[in-house]
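Notes follow once the structure below has been shown.
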Amino acid sequence: MTHTTDRGTGVPITLTDLRKDFGASTGTAAVDGISLQVPPGAFLVLLGPSGCGKTTTLRMLAGLENPTGGEIRFGERAVARGDGTVNVESAGRGVGMVFQSYALWPHKTVQGNIEWPLTVAKWSRQERRRRVREVLGLLGIEELAGRYPGEISGGQQQRVAIARTIASQPEVLLFDEPLSNLDAKLRVDTRAELMRIHRATGATSVYVTHDQVEAMTMATHVALMKDGRIEQFGTPVELLAAPRTAFTATFIGAPPANILEAQVAGARLTVAGRDVGKAPAGLPAGTVHLMYRSSGPRLVAEPVERCVPAIFVDQVPMAERWVIGVEIAGGTRVSITQDVPTRHVPGDSVQVQLPPAPETCFDLDGERIPAPSQSAREFEQQQEPV
Amino acid sequence: MTATSAQRRPLAQGLARAGTLARRPVVLLAAGTLLVLVILVVAPLLGLVSTTLMAGNRDAWGDVFTSRMSANLLWRPLGNSLLMGAATAVLSTLIGGFLAWVVVMTRIPGRGFIAVLATIPFALPSFALALAWDSIFRNDLIGGSAGILGNLGLMVPDWIAWGPVPVALTLTAHYFSLSFMLIAAALAAVNGDLMEAAEMTGASRVAVARDIALPVVAPAVMSGALLAFAEGVSNFVSPALLGLPVRFHTLSTRLYGAISTGDVSRGYVLSLVLIVVAAMVMLTATRVTGGRRSFETITGKGGRRRSVPLGPWAWPIAGLAWAVVVATTIVPAVVLVASSLTRRTNDFASGLTLHYWIGGSDPAMAQGQRGILANPQILQATWNTVLLGVCVALGAGFLGLLISYVITRSRGPKPLLGAMSLISYVPFLIPGIAFGAAFIAQFGAPIGPLPSLYGTFAILVLAGIAATIPFAVRSSTAALSQVSRDVEESAVMAGAGLMLRLRSIIAPLAARGLLTGGVLVFVQMVRDLSLVVLLATPAMPVLAVLTYQYSSENFTQLANAVTVIIAVISVSATLLSRRAEGAAQPWNEKA
Ligand SMILES: Nc1ncnc2c1ncn2[C@@H]1O[C@H](COP(=O)(O)OP(=O)(O)OP(=O)(O)O)[C@@H](O)[C@H]1O
Ligand SMILES: [Mg+2]
């Protein structure tokens, strides 16, 4: 690579019980006490459904929003404290942010957009020119330098936004759903591009998305968020292999794992009134949630053991396999992956055979019941160390 | 943050927190602009009230409300004011509504041109129409020369030449524009998809008109009527020019009379009465239109997909519509120009002359007054007027930008923001002439070490800024909404401070809207009479006041010529701004 000069050093990021409460009117806090730590150069993805507080967290890291509780540290340095005693301004934090809307300055050319922050930071003219050429080259957009943002395509605007952000060599790079305005193909290309930029700059990156595929491909660390809290924090593989809650299990994976409501009685499990096998040791009597990955259940022609009746809904090709969607009693959707498409038409009655044991069980609150099944452990062992 | 958590927090931390908050630039900015607003808006009003409560002035309340004079001083003028307000409201709504219907719902010839002409009267000074009326219909009741009709040998009855009828008609000719714009915009909105969607449900035409069209148009009709009412109640110049000669007094002319003859405290009391009446009407208008959007300029947008078939009525209706717009725009313009060229006032038989424009002093004509372009006082006044317009536009524009920025962008302390948006709205409720009185009450006498501002240029500028701040805030807010939050925050991330952001990012991006708002304020100042009539002095003349003086001294040609100059300045400013708008944002043209 010719751009090794670019490689700065990231900083570790530490969040301690970070909170943001927008005021009494909203009822609950937008960010409700999150704690995590990532090493220098990490690629942290904040993942979660709409409204879970991802953007708010990112904006607190950027210094655009002041926390109302907890602390943010970049390395040894506290940059914000919820008690208001420390609130370092954005410019003093060494952060750069790529906005979802790109937020380019429409009255400045591409060159002007990239150069202005350096001017504000009082770089010398010579340094600025050199650096602008360098980042234009890094993003491959030299020929756009003289154009206005209104005169370039969405993908090109995205590159300009990235170039502008990395120009001042921030130690922390922040991205708020940067790919959501791009079409599907461009999104895959840009994803690779972003990872290249991340490696080239060495900055610690925090990336917000609600797309779990993006998270799984890019992250070194994932914080899965729900209602302002962290549901689970870990590497992508950890989240996929050992979901701690039913929410994680249904959010991660393509297709995500199936969660079925079951009754435990006399060491047997029943789903929709059908016996589906022996209850794993340690399950309390009553209602529980069972997790089956989509590779587990099978469509069968005749009702056999561990069978549940279902209605065929749809099928989608995915990576040379087929994801069959069916609905069992109570409207619960079950995804089944198989090698060949089925001939059923939507509305057909079908039979689904469940594997001998669920991979994981969760209680009614969605917490994992601490009896990780054999298959889950095997799955973890199959993965290569990262 | 809840109160309990604040109490639990140690004091030192609370102080540190307050410290960081107070040092935030936007908090300083908010506090600073609020202070300016208080000085410009709140202080004069308080000055007005407190002056009337000072020992020696307190009798004024009794004089105005309960003495033998009250009938003449207060009650009859109040009745006349309300009458003029009601007449203006009713007539403006009828005429504006009729024209709006013609323009939006019919296909009569020249609709587009009618739409343009119907918006013009509002852009002209309101005394232009009063002067034009005077030039045509004046009779010899009060001596002096007659109007054009009189000079042609026609007898003009007194009730047409003077008093409530001409006052109400000239006010209507000015304010029907407002009703027209509001109603046309609402009608255009109904006339498209909304009506079609309703008719698809199978409802009858009557049901559609009653249940869909009427409710949508009603707020526009109501708010147009209420705004016309408020303007009619408080207008100064029409009753002053056409009513005073026959002792037709309104609150505005009474308070002007009282203050200009030294009877200041009674004038102030009358000002307060006028403020209360006008504010009540304006507040109702705001209620009716649901929020403070009522004075937003709405340009009619044509979704003219359908039209009402007029049959044999087409030509009479077209003729009527044309007559109305021509009579309120082209006729007055021609009359003002032509009458300024007559040798003897309004008498074309006496021959035409350019004397009143460029002539030197000639004792035989207008008591030796020079032509306006040769008169240093007029040139001085023109310069003052333009400078006043520019200063007020810049001042109000700058202040308006800061206020709207603080209100919409900063997350400063809530009570501070609430106070700002309330105070910056108050001047909208106050008639110009009462505002002028308030400024004299507050700044007309020395305050501590500060000298009296009476008769200075500064008091004109300050009053102008205060009076136009609601419009400036409104247009800045609209302009600011063109700059997305992200675009500004990315400048924050780059380390740009508040002032640098305002200068390098916000101002250039909002330039178009800011310019339009600035020109609006400029035009308003240039053609305004009621605000400045009490504040301008012979040593510090402005054009509108000179027009008024010329007219009351019967120098009709001179008054009309000056009015033409004012109209030319206003119209050219508007046209220039249209051009400049394009030039201000070159990056938009290529896109
Ligand atoms: N300025 C604000 N004032 C009040 N509430 C806010 C503000 N900004 C965000 N919120 C609330 O905080 C919560 C979290 O918002 P946030 O924008 O962080 O969600 P998000 O995870 O980014 O969602 P999305 O995926 O839809 O962007 C939401 O309930 C939102 O309504
Ligand atoms: Mg978001």
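Chains as they are written, first to last, in numbering that gives the first Met the number 0: chain A, 0 to 385; chain B, 0 to 590. We put the beta carbon where it would ideally sit given N, CA and C, even for glycine. Computed from a predicted model, the values in this text were never measured in an experiment.
query: Could you pull the start and end residues of the beta strand (DSSP E) that A:ASP313 belongs to?; result: 306-317
query: In chain A, which residues lie less than 7 Å from B:ILE504 when you measure between Cβ atoms?; result: TRP104
query: In terms of residue numbering, what span does the beta strand (DSSP E) encompassing B:VAL620 cover?; result: Residue 620 of chain B is absent from the structure shown; chain B starts at 0 and stops at 590.
query: Taking the alpha-carbon of A:LEU353 as reference, which of A:GLU326, A:PHE361, A:ILE33 and A:GLY295 has the nearest alpha-carbon?; result: A:GLY295
query: May I ask you to check if the CB of A:LYS225 is nearer than 7 Å to at least one heavy atom of ligand 1?; result: no
query: Is the number of C-beta pairs between the stretch 100-113 of chain B and the stretch 553-570 of chain B that are closer than 8 Å three or more?; result: no
query: List the residues of chain B that A:LEU63 touches, going by C-beta distances under 7 Å, in chain order.; result: GLU488 and VAL491
query: With a CB to CB cut of under 8 Å and the five nearest residues on each side skipped, what residues in its chain are close to B:ARG500?; result: GLU487, ALA490 and VAL491
query: For B:THR296, collect the residues of the same chain with a Cβ closer than 6 Å to its Cβ; drop the 5 residues on either side in sequence, then sort them by chain order.; result: Here B:THR296 scores only 34 on pLDDT, less than 50, and its place in the model should not be relied on; the value that follows carries that caveat. Cβ within range, chain order: n/a, list empty.
query: Any Cβ of chain A within less than 8 Å of the Cβ of B:MET498?; result: no
query: Show which residues of chain C have a CB atom less than 9 Å away from the CB atom of B:LEU508.; result: The structure shown contains no chain C; its protein chains are A and B.
query: Does DSSP put B:VAL155 in a helix, a strand or coil?; result: coil
query: On the criterion of 16 or more Cβ atoms from any shown chain inside 10 Å, does A:MET96 qualify as buried, or is it exposed?; result: buried
query: What is the DSSP secondary structure of B:ASP139, reduced to helix, strand or coil?; result: helix
query: So is A:PRO116 in contact with chain B if we call contact Cβ pairs under 8 Å?; result: yes
query: Give me, in chain order, the residues of the same chain whose beta-carbon lies closer than 7 Å to that of A:TYR101; leave out the 5 immediate sequence neighbours on both sides.; result: GLN156, GLN157 and ALA160
query: For the putative contact between A:PHE361 and A:THR219, defined by C-beta atoms under 8 Å, what is the C-beta separation to the nearest angstrom?; result: Not a contact, Cβ separation roughly 27 Å.
query: Between which two residues does the alpha helix (DSSP H) harbouring B:ARG106 extend?; result: It is not in any alpha helix (DSSP H) - B:ARG106 carries neither H nor E in the DSSP assignment.
query: Quick check on B:GLY65: buried or exposed, where buried means 16 or more other Cβ atoms within 10 Å of its Cβ?; result: The question names Gly, but residue 65 of chain B is Thr in the sequence shown. Under this definition B:THR65 is an exposed residue.
query: So which residues on chain A does B:SER483 lean against when the C-beta distance must stay under 8 Å?; result: SER100 and ALA102
query: So, with DSSP's three-state summary, where would you put A:HIS197?; result: helix
query: Under 8 Å, do B:ILE147 and B:ASN345 count as touching if we go by C-beta distance?; result: yes
query: In three-state DSSP terms, what is A:CYS51?; result: coil
query: What do you get for B:ASN71, buried or exposed, if any count of 16 or more other CB atoms within 10 angstroms of its CB means buried?; result: exposed
query: Could you tell me whether any Cβ in chain B is nearer than 8 Å to the Cβ of A:VAL344?; result: no
query: Can you find a C-beta in chain A that's less than 8 Å from the C-beta of B:ARG577?; result: no
query: Considering only heavy atoms of ligand 1, does any lie closer than 7 Å to the CB of A:PHE21?; result: yes
query: Please report the residue range of the beta strand (DSSP E) in which A:PHE361 lies.; result: 359-361
query: Please confirm whether B:GLY494 has its beta-carbon closer than 8 Å to some beta-carbon of chain A.; result: yes
query: Which bits of chain B does A:GLY95 rub up against, with CB to CB less than 8 Å?; result: MET492
query: So which residues of chain B does A:SER152 contact, with C-beta pairs closer than 7 Å?; result: Simply none; closest approach about 13 Å.
query: Comparing the CB of A:LYS53 with every heavy atom of ligand 2, is any distance shorter than 7 Å?; result: yes
query: Spell out the partners DSSP gives B:THR536 in its beta bridges.; result: B:MET539
query: Please report whether the beta-carbon of A:SER89 lies at a distance below 8 Å from any beta-carbon of chain B.; result: yes
query: Whole angstroms are fine: how far does the CA of B:GLY370 sit from the CA of B:GLU230?; result: 33 Å
query: Suppose you measure from the CA of B:ALA495 to the CA of A:VAL134; what does that come to, to the nearest Å?; result: 21 Å
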